[in-house]
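Undergrad: Count along the sequence shown starting at 1, add 294, and that's the number in our numbering.
Glycine included, each C-beta is placed from N, C-alpha and C at the ideal position.
Quick one: this structure, given as structure tokens, is what I'll be asking you about.
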Amino acid sequence: MTYYETAIARFREWLELAHETEGIVDPTAMALATADASGRPGVRTVLLKQVDEAGFVFYTNTRSQKGMHLAANPYAALDFYWAPLARQVVIEGGVQTVSDDEADAYFASRPRLSQIGAWASDQSKPLADREAFEARLAEVEARFGDGPISRPPHWTGYRLRPNRIEFWQGRDGRLHDRERYYRSDSGDWEWLLLNP
Ligand SMILES: Cc1cc2nc3c(=O)[nH]c(=O)nc-3n(C[C@H](O)[C@H](O)[C@H](O)COP(=O)(O)O)c2cc1C
295 MTYYETAIAR
305 FREWLELAHE
315 TEGIVDPTAM
325 ALATADASGR
335 PGVRTVLLKQ
345 VDEAGFVFYT
355 NTRSQKGMHL
365 AANPYAALDF
375 YWAPLARQVV
385 IEGGVQTVSD
395 DEADAYFASR
405 PRLSQIGAWA
415 SDQSKPLADR
425 EAFEARLAEV
435 EARFGDGPIS
445 RPPHWTGYRL
455 RPNRIEFWQG
465 RDGRLHDRER
475 YYRSDSGDWE
485 WLLLNP
């Protein structure tokens with residue numbers, strides 16, 4: 295196994311344990327940090343929808359702040375924090391959109407209300423009042439009737455392909471364990487320990 299394969303397998307083990315641990319409400323919730331073309335950062339929480347050796351996938355509106363950031367500057371960082379386990383995982387890497395087929399398949403699996411919301415929400419843009427949003431929802435519902443709801447062109451998935459994955463295990467006295475898996479200059483994956 296390469297260090298990269300080990301890191302992904304380990305992440306999946308940690309996530310599985312987070313799913314099984316009482317008190318962790320949204321184990322797949324992660325902070326997603328992006329930056330605009332001039333390097334100014336933004337951060338928000340999104341849900342991890344898939345993870346394997348191809349990378350970490352989340353879904354959103356391409357015209358949102360994060361979507362605009364990623365269009366201008368296709369790099370991001372993710373941070374999972376599972377408090378009851380005293381564990382954190384931080385991941386950094388380049389980001390690409392998923393294929394249309396992949397996004398279509400995931401969109402089709404979502405609850406109908408979420409599909410309607412994806413059409414109705416002009417995510418991250420100002421909204422006059424709640425009524426204006428309700429009216430947009432009604433409009434979308436009327437447009438699709440009982441038929442299937444297609445994926446909006448401005449809604450897709452992004453896949454972060456890691457070049458660094460850090461596992462953080464909290465320990466007494468702040469003497470934490472930190473292990474970093476990273477892509478070295480040669481392109482091979484390496485591993486090292488960091489001071490807490
Ligand atoms: C637990 C949680 C999960 C969320 N998951 C998503 C998600 O998967 N996709 C998404 O677009 N927004 C999600 N949101 C909303 C985002 O945090 C954010 O408000 C929205 O995407 C707009 O972000 P932006 O203006 O920075 O682009 C989630 C919020 C929370 C609190």
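Output the residue ranges of the alpha helix (DSSP H) runs that lie fully inside the region 299 to 378 and measure 4 residues or longer, sorted by chain position.
TA: 359 to 366
Undergrad: Name the DSSP beta bridge partners of ASP471, please?
TA: GLN463
Undergrad: For ASN355, count neighbouring Cβ atoms within 10 angstroms of its own Cβ and tell me buried if that reaches 16, exposed if not.
TA: buried
Undergrad: Kindly indicate which three-state DSSP category LEU487 falls into: helix, strand or coil?
TA: strand
Undergrad: Anything with a beta carbon under 7 Å from a heavy atom of ligand 1 counts; list them all in chain order.
TA: ASP320, ALA323, GLY336, ARG338, THR339, VAL340, LEU341, PHE352, TYR353, THR354, ASN355, SER358, GLN359, LYS360, GLY361, GLN417 and SER418
Undergrad: Compare the C-beta of SER444 with all C-beta atoms of chain D and state if any pair is closer than 9 Å.
TA: Given the protein chain composition of this structure (a single chain), no chain D is represented.
Undergrad: Verify the contact flag: ASP471, CB atom, against every heavy atom of ligand 3, threshold strictly below 8 Å.
TA: Ligand 3 is not part of the structure shown, which contains ligand 1 as its ligands.
Undergrad: How long is the line joining the alpha carbons of TYR414 and ARG406, rounded to whole angstroms?
TA: Note on residue identity: the sequence assigns Ala, not Tyr, to residue 414. Rounded to whole angstroms, ALA414 to ARG406 spans 12 Å at the Cα level.
Undergrad: Determine contact between the region 323 to 341 and the region 361 to 371, defined as no fewer than three beta-carbon pairs at a distance below 8 Å.
TA: Verdict: yes, contact present.
Undergrad: What is the C-beta distance between VAL351 and ARG453, in whole angstroms, given that I count them as a contact (C-beta under 8 Å)?
TA: Taking the Cβ atoms as the reference, VAL351 lies roughly 5 Å from ARG453, within the contact range of under 8 Å.
Undergrad: State the DSSP-derived secondary structure class of VAL392, mapped to helix, strand or coil.
TA: coil
Undergrad: Among ALA436, ALA399, ALA312 and LEU421, whose alpha-carbon lies nearest the alpha-carbon of ARG445?
TA: ALA399
Undergrad: Return the bridge partner residues of ILE385 from the DSSP annotation.
TA: LEU372 and ILE459.
Undergrad: Once the 5 residues before and after GLN344 are set aside, which same chain residues still bring their CB inside 6 Å of it?
TA: VAL351
Undergrad: Report the residue from ASP394, GLU460, GLY467 and ARG465 whose alpha carbon sits nearest the alpha carbon of PHE374.
TA: GLU460
Undergrad: Measuring CA to CA, which of GLY481, MET324 and GLN409 is closest to ARG437?
TA: GLN409
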